Amino acid sequence: MIKIGICDDEKVCREQLKEILEQYFEENSLGFELWEYESGEDFLNQGDEIHLLFLDIEMKDMSGIQLKEELQGGEDIRIIFVTSHMEEMPEAFGRNVYGFLEKPVAADKLEKYLLRVLEDLEEEQLLVINGVQGEMTVKKKDILYFVAEKKYSRMVGQNVESFCDMGLQQLEELLGKESFFRCHKSYLVNLANISDANQNIRLKNGESIPVSRRKAKELKEAYLAYIIRKAR
Numbered sequence: 026m027i028k029i030g031i032c033d034d035e036k037v038c039r040e041q042l043k044e045i046l047e048q049y050f051e052e053n054s055l056g057f058e059l060w061e062y063e064s065g066e067d068f069l070n071q072g073d074e075i076h077l078l079f080l081d082i083e084m085k086d087m088s089g090i091q092l093k094e095e096l097q098g099g100e101d102i103r104i105i106f107v108t109s110h111m112e113e114m115p116e117a118f119g120r121n122v123y124g125f126l127e128k129p130v131a132a133d134k135l136e137k138y139l140l141r142v143l144e145d146l147e148e149e150q151l152l153v154i155n156g157v158q159g160e161m162t163v164k165k166k167d168i169l170y171f172v173a174e175k176k177y178s179r180m181v182g183q184n185v186e187s188f189c190d191m192g193l194q195q196l197e198e199l200l201g202k203e204s205f206f207r208c209h210k211s212y213l214v215n216l217a218n219i220s221d222a223n224q225n226i227r228l229k230n231g232e233s234i235p236v237s238r239r240k241a242k243e244l245k246e247a248y249l250a251y252i253i254r255k256a257r
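Numbering (my numbering), first residue to last: 26 to 257.
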């Protein structure tokens, strides 16, 4: 469940954002938690665990840009700035800044950024692998591929490998086709870690894995769709 904060010293702006968010999550049958803050100091004092912060640039005492600087060295809180003065955008760029929304906020623009954040959070999720040496956890984005091992499979990740007690079909259903693709009867690949997809798949670590002939066209379509989603 995503945890969202709205930090804005104008109540009417917080209410507008809250209404758009509630409608989006209700329409998409997704769960979320929401906190509101009247100032940067209020946010820092509360110390809530937030995944995404909608942050007003112009606030009394501590500006949104100053709060962003306070957060840079700490936890990875994703930030979407809201402002009435888009000319201040250059100062607001930084790590984990996903974009800028002009007041009053347009629902379609907010949803575009929100979709990117949700997809990135999905890739940050931990997957529990039951292997020979017991349970281990790995971030989805760090998985390169799974390869079939009789009824089970082997997970190959960034600097780690582990036997997995699930078969490729089970993993395909668990992980979803938007992020992982069954490129071959013996391979399930993470689209996030592909650097080139042609007759074979070239992964970002330089390794190659095979693509079955009947899956080649479908792979290219899935990989292109993934790139387009990430670029939005």
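Ideal Cβ placement from N, Cα and C applies to all residues, glycine included. Nothing here was measured: the structure is a model prediction, and the numbers come from that model.
Identify whether residue i lies in helix, strand or coil by the three-state DSSP scheme.
{"i": "Lys-242", "result": "helix"}
{"i": "Asp-221", "result": "strand"}
{"i": "Asn-5", "result": "The question about residue 5 has no answer here: the residues shown for the chain are numbered 26 through 257."}
{"i": "Ile-253", "result": "helix"}
{"i": "Val-142", "result": "helix"}
{"i": "Lys-137", "result": "helix"}
{"i": "Lys-229", "result": "coil"}
{"i": "Glu-259", "result": "Missing from the structure shown is residue 259; the chain here goes from 26 to 257 and no further."}
Using the C-alpha atoms, what's the distance from residue j back to residue i?
{"i": "Gly-156", "j": "Asn-215", "result": "20 Å"}
{"i": "Lys-166", "j": "Asn-218", "result": "8 Å"}
{"i": "Ile-266", "j": "Ile-27", "result": "Residue 266 lies beyond the stretch modelled for the chain, which goes from 26 to 257, so this question has no answer here."}
{"i": "Leu-46", "j": "Glu-127", "result": "16 Å"}
{"i": "Glu-52", "j": "His-76", "result": "21 Å"}
{"i": "Ser-204", "j": "Tyr-251", "result": "7 Å"}
{"i": "Glu-136", "j": "Tyr-49", "result": "8 Å"}
{"i": "Ile-253", "j": "Glu-197", "result": "21 Å"}
{"i": "Leu-200", "j": "Lys-164", "result": "12 Å"}
{"i": "Met-180", "j": "Pro-235", "result": "16 Å"}
If residue i and residue j are in contact, beta carbons under 8 Å, what's the gap, nearest whole angstrom?
{"i": "Leu-249", "j": "Phe-206", "result": "Not really, about 12 Å apart at Cβ, beyond 8 Å."}
{"i": "Gly-30", "j": "Leu-78", "result": "5 Å"}
{"i": "Asn-223", "j": "Ser-233", "result": "Not confirmed; about 10 Å, so no contact."}
{"i": "Val-107", "j": "Asp-81", "result": "5 Å"}
{"i": "Phe-188", "j": "Tyr-177", "result": "7 Å"}
{"i": "Lys-43", "j": "Leu-59", "result": "6 Å"}
{"i": "Asp-34", "j": "Glu-63", "result": "6 Å"}
{"i": "Leu-213", "j": "Ser-220", "result": "Going by Cβ atoms, the distance from Leu-213 to Ser-220 rounds to 18 Å, so no, they are not a contact pair."}
Per DSSP, which residues does residue i bridge with? Please list them.
{"i": "Phe-205", "result": "Asn-215"}
{"i": "Ala-173", "result": "Ser-178"}
{"i": "Asp-86", "result": "Asp-86 pairs with nothing; no bridge assigned."}
{"i": "Gly-5", "result": "Look at the range of the chain in this structure, 26 to 257, and you will see that residue 5 is not part of it."}
{"i": "Phe-125", "result": "Phe-106"}
Check: With a cut-off of 8 Å, do at least 3 Cβ pairs link the stretch 146 to 153 to the stretch 78 to 97?
Finding: no
Check: Is the stretch 191 to 200 in contact with the stretch 127 to 147, if contact means three or more CB pairs nearer than 8 Å?
Finding: no
Margin query: Does the contact criterion of 3 or more C-beta pairs under 8 Å hold for the stretch 91 to 107 versus the stretch 59 to 77?
Written below: yes
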